[in-house]
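Protein chains in written order, with our numbering: chain A, 1 to 63; chain B, 1 to 228; chain C, 1 to 444.
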Amino acid sequence: MGHWLMDTAGIGSIIVLAVGFSILVAYVYMLRWIQAAPPDPVLVEAEAGDEEAFAAQVGGDKA
Amino acid sequence: MARWGMVIDLDKCFACQSCTLACRMENNTPVAGPDQASRGRAILWNEVLPFVEGEYPEVTMALIPRPCQHCDNPPCTKVCPVKATYKDEEGIVCIDYGRCIGCRFCTVACPYQVRYFNWYRPEWPEALKEHLNPDPEVAPRPKGVVEKCTFCIQRLRKAREGAEAEGRPFTATDYTPACVQTCTGRARYFGDLDDPNSLVSQLAASPRAFRLLEEMGTQPKVYYLKQG
Amino acid sequence: MSQPYRESELERAVLNPLRQTTMQFYLVLGVLGLVFLWGAASLIRQWLLGLGVTGLGRPVYWGIYLSNFVFFIGISHAGTLISAILRVTQAEWRRPITRVSEAITFFALVLGGLQIWIDMGRPERVLYPLIWGRYQSPFLWDFTCIGIYLLSSTLYLYLPMIPDLARMRDHMTDAPRWRRWLYQAMSLNWHGSHEQNRRLEKGIGIMAILIIPIAVSVHTVVSWVFGMTMQPMWHSTILGPYFVVGAIFSGIAMLFIFMTLIRKAWHLEKWIGAKQYNYLGLLLLVMSAFWGYFTLAEYLTTGYGSLVHEAHVIQAKLAGEYAPWFWAMVTCNLIFPFAILLWRRGRTPTGTFIAALCVAIGMWIERFTIVAPSLTRPSLGFERAIYAPTLTEVAITLGSVALFSLLFLLFFKIFPVVSVWEVEEGQVIEAVRRKAEELAYQTG
């Protein structure tokens with residue numbers, strides 16, 4: 001089995017491509033994970049113009 | 001399945017180099033010319049090599065004909081990235097010219113220097129062009145690939161076809177490489193090393209028998225019989 | 001947009017070359033371009049005629065192209081070492097030079113891979129290893145490791161660039177349209193929220209750790225292309241670690257060369273200064289000592305034993321036709337670095353630049369004296385050969401160096417040469433530390 005894996009034409013290509021491709025996918029996932037990070041909550045709410053939510057977050061202890 | 005091997009009796013060899021010539025005619029190796037040859041670019045699948053020992057005036061020289069050693073444990077096939085060179089079921093190390101990428105890893109891995117590279121497109125003088133072997137199996141190789149002695153594997157195929165045409169079973173004696181057939185001193189023997197009754201396996205067991213760079217563990221299938 | 005954006009001093013220094021192009025730039029570009037074209041023309045001629053235009057023959061089947069391959073892969077260690085190791089150990093002074101070193105890694109890998117293609121007898125079959133690949137061959141191990149390294153170092157170059165790209169997307173509105181589009185696309189909607197920063201730092205942290213073993217694997221399998229054969233003085237267990245040490249050594253040297261040139265051309269004296277030159281100079285000195293130790297270990301072991309086949313090769317290197325190469329290598333890699341870098345006064349920009357040039361040349365010679373001499377003395381000792389490279393090989397080698405510099409230069413015509421946000425982060429850390437010390441002093 002070991003010899004067959006090492007000595008067969010094409011198996012080496014599959015190993016190289018499989019390793020390369022899985023790493024590429026992992027890296028793309030990492031980039032998308034960074035891209036998908038939510039913006040800071042304060043900014044979102046403030047831009048939305050929801051003053052109550054803004055107060056709840058920024059001035060939560062005012063009451 | 002046979003395990004093809006060769007025995008060369010150095011007592012009988014007088015270095016006439018007819019093996020080298022016969023090989024060239026059989027296998028269509030190109031003509032390099034003196035300039036290219038001096039740069040180590042002559043392609044001679046079978047070569048008679050000079051081994052000089054000592055310094056003048058205490059000099060001895062041994063002349064050893066060297067075809068491919070067709071190792072049972074070939075270091076060249078191990079390193080090939082695309083399996084363009086491989087050992088077939090009968091122990092002959094072959095090259096697929098259509099697949100060779102010309103990286104020359106096998107040429108540096110072979111300790112016997114039996115592998116040759118096509119530095120340019122192969123060429124022949126006009127007079128020789130008419131005498132090329134027409135067998136498609138030995139058609140001239142393209143530039144940029146590696147080639148080497150195949151024990152005239154095309155002759156094995158022809159011998160099998162011949163036996164079949166005659167309606168008789170193929171025997172090991174039907175198959176003879178060109179260098180063995182032509183050897184002036186009858187110094188070369190060829191046959192099946194796995195057959196205990198064959199001449200080659202008996203000679204290979206002789207106390208005179210040795211192999212080149214045996215300590216490297218390549219297990220060549222070319223045996224030499226010591227001189228003297 | 002309430003207020004117009006005001007660029008900091010650093011931003012102006014780094015971004016100005018992206019806006020304005022000087023006469024000098026075109027001049028350098030022209031010279032490099034000509035050398036590159038000379039190499040490219042020689043390569044096309046080689047493809048048309050065959051590898052016969054090189055100085056190769058039997059038994060020296062591998063020559064300068066393989067030396068270049070090992071050399072370029074070796075200098076690709078610059079990025080890993082400086083960036084990853086210094087990041088992991090949190091050395092603050094790394095900040096202004098990480099981008100340069102990561103770029104060296106990327107382009108050196110591209111050029112290294114190219115050398116194998118140049119060396120092939122059938123260049124049109126370059127993809128065959130991806131179709132008929134056979135894993136027992138060390139070339140396939142190279143394909144695997146260099147492939148992983150290329151992907152990883154691309155990401156490792158890209159990740160810390162994202163915040164800078166976003167900044168350019170927002171503020172370099174005067175850039176040509178295609179470049180604005182490029183910054184827009186490449187900045188991945190970066191908005192720099194707390195969570196996004198955390199994720200980016202985490203990503204960079206993972207890559208910094210991951211890329212170190214990957215780099216070690218690359219330099220090791222490159223050595224195994226030679227080590228796995230039975231050629232005298234290739235077939236040695238020291239070759240793997242020896243190549244790793246040589247890679248770090250030449251990588252630092254290459255970083256010195258490029259960072260000094262950039263410091264001068266971009267006027268970054270304020271950010272790349274005495275600290276970087278002193279610490280990195282010490283590191284180069286340490287690697288020189290390591291390299292000397294490995295060389296001594298290899299040559300003494302081989303020479304003392306004097307096995308027949310190896311004795312011929314070592315003789316050729318120490319006293320034969322390769323002796324000028326060998327002793328030039330020792331001078332460049334050991335004597336010059338020690339003579340210059342041992343002293344504090346030597347670890348200046350000029351001093352280290354000279355030492356680094358010596359090391360870069362010395363390490364190329366080292367690669368050459370590993371590849372060629374062993375092949376001139378094959379085990380079956382019926383012939384000896386002398387390998388002399390032809391003009392084609394010289395042209396392609398110089399063309400490769402020119403292409404490497406050209407890619408590097410053009411890259412930094414589009415992207416910032418210093419990681420601006422990381423340097424700023426360093427400045428904040430420094431300010432906070434000072435303030436804390438001040439407070440501690442006042443209260444204590």
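Using N, Cα and C, we set each Cβ at its ideal position, and we do this for glycine too.
In terms of Cα proximity to A:V42, the closest of C:T376, C:S193 and C:Q20 is C:S193. Residue pairing from DSSP places B:K87 in a beta bridge opposite B:V93.
A Cβ of chain C is located within less than 8 angstroms of the beta carbon of A:V19. Under DSSP, B:E53 takes part in a beta bridge, and its partners are B:T60. Residue nearest to A:A36 within the set C:V245, C:G381, C:S187 and C:I252 is C:S187 (criterion: CA-CA distance). DSSP lists B:F190 and B:V222 as the bridge partner or partners of B:M6. When rounded, the separation of the alpha-carbon atoms in C:I214 and C:T154 is 13 angstroms. For A:G2, no Cβ of chain C is located within less than 8 angstroms of the residue's own Cβ. A distance below 7 angstroms between beta-carbons, with the five flanking residues on each side excluded, links C:R95 to the following residues of its chain, in chain order: S419, E422, V423 and G426. Residue state for B:V146 is assigned as strand, using DSSP reduced to three classes. The residue among C:I212, C:T22, C:V218 and C:Q231 with its C-alpha nearest the C-alpha of B:L213 is C:Q231. Shown here, C:P176 sits in coil according to DSSP, grouped into three states, outside any helix or strand. C:F382 belongs to the set of residues whose beta carbon lies under 8 angstroms from a beta carbon in chain B. Collapsing the DSSP output to three states places C:Y322 in coil. C:L410 has its alpha-carbon roughly 16 angstroms from the corresponding atom of C:L37. Shown here, B:P65 sits in a strand according to DSSP, grouped into three states. Secondary structure of A:A9 (DSSP, three-state): coil.
For C:Y156, the secondary structure class from DSSP, reduced to helix, strand or coil, is helix. Look at the beta carbons and you see the region 370-384 of chain C touching the region 102-113 of chain B: at least three pairs across the two are nearer than 8 angstroms. Taking 8 angstroms as the cut-off, the Cβ atoms of B:Y224 and B:I64 count as close. For C:F382, the secondary structure class from DSSP, reduced to helix, strand or coil, is coil.
Under the 10 Å beta carbon count, C:Y26 is surrounded by fewer than 16 other beta carbons and is classified as exposed. Neighbours of C:L165 across chain A, judged by C-beta separation under 7 angstroms, do not exist; the nearest C-beta is about 12 angstroms away.
By the C-beta density criterion, B:V200 is buried, having at least 16 other C-beta atoms within 10 angstroms. Annotation: Cβ neighbours of A:A9 in chain B (cutoff 7 angstroms, chain order): V82 and K83. Within chain A, the residues placing a beta-carbon under 7 angstroms from that of C:Y135 are L5, M6, I11, G12 and I15, ordered along the chain. Where B:Q227 is concerned, there is no enclosing alpha helix (DSSP H), because DSSP gives it neither an H nor an E.
Excluding the 5 residues flanking it on each side, C:E393 has same chain C-beta neighbours closer than 6 angstroms at T54 and I64, in chain order. By the CB criterion at 8 angstroms, C:G33 and C:L406 fall inside the cutoff.
Look at C:F25 here: in three-state DSSP terms it is helix. With the rule of 3 Cβ pairs closer than 8 angstroms, the region 354-365 of chain C does not count as touching the region 315-323 of chain C.
C:L296 is classed as exposed because its beta carbon has fewer than 16 other beta carbons within 10 Å across all chains shown.
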